[in-house]
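Yeah, the sequence shown ends on 1197 if you go by this note's numbering, and it's all consecutive.
Quick reminder that beta carbons are idealized off the backbone N, C-alpha and C, glycines included.
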Amino acid sequence: TVQKIQGVKDVNVNLLTKSMTVELDENIDNLNIDEKIIEAVNSAGYKASVFSEEKASGKEETGANLVREELKEMKNRVIWSFVFLVPLMYVSMGHMIGLPMPSFLIGHENAVSFAMVQLLLTLPIVFLNRKYFQVGFKTLFKLSPNMDTLIAIGSGAALVYGVFAIFRIGYGLGHGDMDIVNQYTHDLYFESAAMILALITLGKFLETRSKGKTSDAIAKLLNLAPKTATVMRDGKEETISVDEVVIGDVVVVRPGASIPVDGVVVEGRTSVDQSALTGESMPVEKNVGDKVHAATVNKSGYFKFKAEKVGNDTTLAQIVRLVEEAGSSKAPISKLADKISGIFVPVVIVIAIVSSIIWYALGYGFEFAMTIGISVLVISCPCALGLATPVAVMVATGQGASNGVLVKSAEALELMHSIDTMVLDKTGTITEGKPKVTDIMPFGVD
């Protein structure tokens, strides 16, 4: 939708980080382009706001909190969905494998009770997972159907058909037509509607949890830098928040403390452990005039340095940005999956309709034809084509970052399988720098 706006050159949407990067054509007047983009996103059935550095400064914390809240909410939905799903499956399927059933649910005379109990157990699951219906039908009416559309149509059709079956059972009982009662008692699909919603919510929960782990990796990187700094103000030492450090401040660092921002040593000498940034395990000597970086650790001496880079300009902040960019960049296979999932949903809906029409034309009756259509939709709807590759890329780059391995882009990650030789400069870069005894050689003594 955004791609169609005049002046937009390229658009990259990442559903995992909930971000969109828009590249504009410099030759075209882009007046009010932000508003046009937001309007386009809203018309597609989503929401958007302009990204700003002020928001971004605290976004890692808020991002982690949002993921935690989302996880908690999804966990509750999964638990309660299964609380209702288990008895529903027992009622609908239990008699098939000889499980004991309450007397008011057995026999044709109790067919309405049998159907109503299933409906009442299905409705809470539908209510808990109503989001699929809200998003699914909204995107369908906007003619940009997505995976939620398949879930909504498949589950909704099964539910509506189940309600229709209850009326037919009532009609059969009222007119003494036990064949109708028997037929429609077998044609209840409430457990299908509920099972689709419960299982997909479980899948989404596991996916969100893997996203959370990636956010944790970025949060761990950010936590390498201390939250406070000791600076010289009016000839006195003062402890302030790292966010308040400005360029030109003289920062005091004691032995064992982490360095809060990037700068140049102005007084004292020390050795600094830079392994967090460089992987080099040996401490590096620092004298007056040498550069020091945020998140590295002062090992021995007391020194002062002048702040040169603060906030989002520090080396650490740039590393975090690289990790985020790598996570949100698209691998060639991911772009292919995007293209496929773009046409996948409309194609599945068409196949479902065509299948129903063919079976109906062959004289199999409306109910049977409808169940065929529902089956096609339901079988196709859990397909996570659009999400499988981004999740893999994001988890991989996040795991790598927490182990000190930074990947430039998703494309680089995908091309890595073709590497046959890796050239490294020093062993210090790839070893831990914490020697330990591996073997003891007794030389003839036990």
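Straight through space, the alpha carbons of Leu874 and Gly907 are spaced by roughly 11 Å.
Taking the CA atoms as reference points, Leu957 sits about 14 Å from Glu820.
Within the model, the alpha-carbon separation for Ala799 versus Met1173 is close to 42 Å.
Non-local beta-carbon contacts of Lys978 in its own chain, meaning distances under 8 Å to residues more than five positions away in sequence, involve Ser992, Val993 in chain order. Below 8 Å, too few C-beta pairs join the segment 917 to 932 and the segment 841 to 850 to call them touching: fewer than three. Closest option to Ala795, judged by alpha-carbon separation, among Gln754, Asn781, Ile830: Gln754. Collapsing the DSSP output to three states places Glu777 in coil. Annotated three-state conformation of Glu1036 is strand, per DSSP. For Asp785, the uninterrupted alpha helix (DSSP H) segment begins and ends at 784 to 794.
Counting along the chain, the unbroken alpha helix (DSSP H) around Asn933 starts and ends at 929 to 937.
In terms of CA proximity to Ser1153, Glu1075 leads the group Val1129, His1168, Ala1112, Glu1075. With respect to the 9 Å criterion, Ile1094 and Gly1124 are not classified as neighbours on the basis of their beta carbons. In this structure, the straight-line span from the alpha carbon of Ala1163 to that of Thr1021 is close to 38 Å. For Glu1075, the secondary structure class from DSSP, reduced to helix, strand or coil, is helix. Separation of the CB atoms of Val996 and Val1012 is rounded to 5 Å, and the pair is thereby assigned contact status at 8 Å. For Thr1172, the secondary structure class from DSSP, reduced to helix, strand or coil, is coil. Burial state of Ile1108 is exposed, judged by a 10 Å Cβ sphere holding fewer than 16 other Cβ atoms. Looking at the backbone, the Cα of Gly1040 and that of Val1015 are separated by about 6 Å. Going by DSSP, Val1003 is part of the beta strand (DSSP E) stretching over 1001 to 1004. About 6 Å separates the beta carbons of Asn1049 and Ile1010, which is inside the 8 Å limit, making them a contact pair. Under the three-state reduction of DSSP, Ile991 is assigned to strand. The alpha helix (DSSP H) runs lying completely inside the segment 851 to 929 and spanning 4 residues or more are 862 to 879, 881 to 892, 898 to 925, given in chain order. With a threshold of 16 other beta carbon atoms within 10 Å, Phe802 falls short and is exposed. Taking 3 residues as the shortest admissible run, the segment 1009 to 1071 contains the following complete beta strand (DSSP E) segments, listed from N- to C-terminal end: 1013 to 1018, 1021 to 1024, 1035 to 1037, 1054 to 1060. Here the segment 877 to 886 does not lie against the segment 854 to 868, with fewer than 3 beta-carbon pairs under 8 Å apart.
The straight-line gap separating the alpha-carbon atoms of Lys1060 and Val1043 is approximately 10 Å. When secondary structure is reduced to three states using DSSP, Met1192 falls in the coil class, being assigned neither helix nor strand. Contact between the segment 778 to 796 and the segment 887 to 905 is present: 3 or more CB-CB pairs across the two stretches fall below 8 Å. The C-beta distance from Lys955 to Met825 rounds to 7 Å, short enough to fall under 8 Å. When secondary structure is reduced to three states using DSSP, Ser770 falls in the strand class. The beta carbon of Pro1006 is closer than 8 Å to those of Thr1021, Asn1049, Lys1050, Ser1051, Gly1052, Tyr1053 in its chain, skipping five residues each way along the sequence. The three-state secondary structure of Ala976, taken from DSSP, is coil.
Excluding five sequence positions before and after Leu948, the CB atoms of its chain that fall closer than 6 Å to its own CB belong to Ile876, Asn880, Ser906, given in chain order. Between Glu1118 and Asp938, the beta carbon gap of about 6 Å places them in contact (Cβ cut-off 8 Å).
Pairing Val762 with Ser770 gives a Cβ-Cβ distance that is not under 9 Å.
Judged by DSSP secondary structure, Val764 falls within the beta strand (DSSP E) whose first and last residues are 759 to 765.
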